[in-house]
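Read the structure below first, then the notes.
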Amino acid sequence: MLAAFGLFVISVGAFAFDAVKRIRAWQPLDRADWLGDLLYVPEALYSIGLTVVMLAGPGPWSLDAIIAALFAS
């Protein structure tokens, strides 16, 4: 989960500094076109995917769950 958060921060930074400039260069016609361009850039897709990973949590096969199970018994 921490790795996903780190990648999420990098992805949001890349989105803020580069993707917005690229969208402006494409000159969207209206807000709907701008939103379509926004969802087209890979940084937005990475951010959405990493958000899903962060919200899902590490799960029962993660290292911290295994360690917790060892100390629980």
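Take any residue in the sequence shown, note its place counting from 1, add 1, and you have its number in the working numbering.
Beta carbons are placed, not taken as given, at the ideal position from N, Cα and C, and that holds for glycine.
Backbone CA spacing between residue i and residue j [nearest angstrom]
{"i": "I68", "j": "L3", "result": "17 Å"}
{"i": "D65", "j": "L51", "result": "20 Å"}
{"i": "V21", "j": "L8", "result": "19 Å"}
{"i": "L39", "j": "V53", "result": "18 Å"}
{"i": "A26", "j": "V10", "result": "24 Å"}
{"i": "V91", "j": "F72", "result": "With the chain covering 2 to 74 only, the question about residue 91 has no answer from this structure."}
{"i": "A89", "j": "L30", "result": "With the chain covering 2 to 74 only, the question about residue 89 has no answer from this structure."}
{"i": "Q28", "j": "A5", "result": "32 Å"}
{"i": "P61", "j": "R32", "result": "42 Å"}
For residue i, the nearest candidate out of the options (CA to CA)
{"i": "D19", "options": "S63, I49, A45 and A70", "result": "A45"}
Residues near residue i by beta carbon distance below 6 Å, same chain, minus five either side
{"i": "S12", "result": "E44, Y47 and S48"}
{"i": "G37", "result": "none"}
7 Å Cβ shell around residue i - same chain, five flanking residues per side excluded
{"i": "A23", "result": "The sequence as given places Arg at residue 23; Ala does not occur at that position. Contacts found: V42."}
{"i": "W35", "result": "I24 and P29"}
Residues near residue i in its chain [Cβ-Cβ closer than 8 Å; skip 5 each side]
{"i": "A15", "result": "E44"}
Closer than 7 Å: residue i CB and nearest the ligand ZN heavy atom
{"i": "G60", "result": "Of the ligands one can find in the structure shown there are none, so the ligand ZN has no counterpart to examine."}
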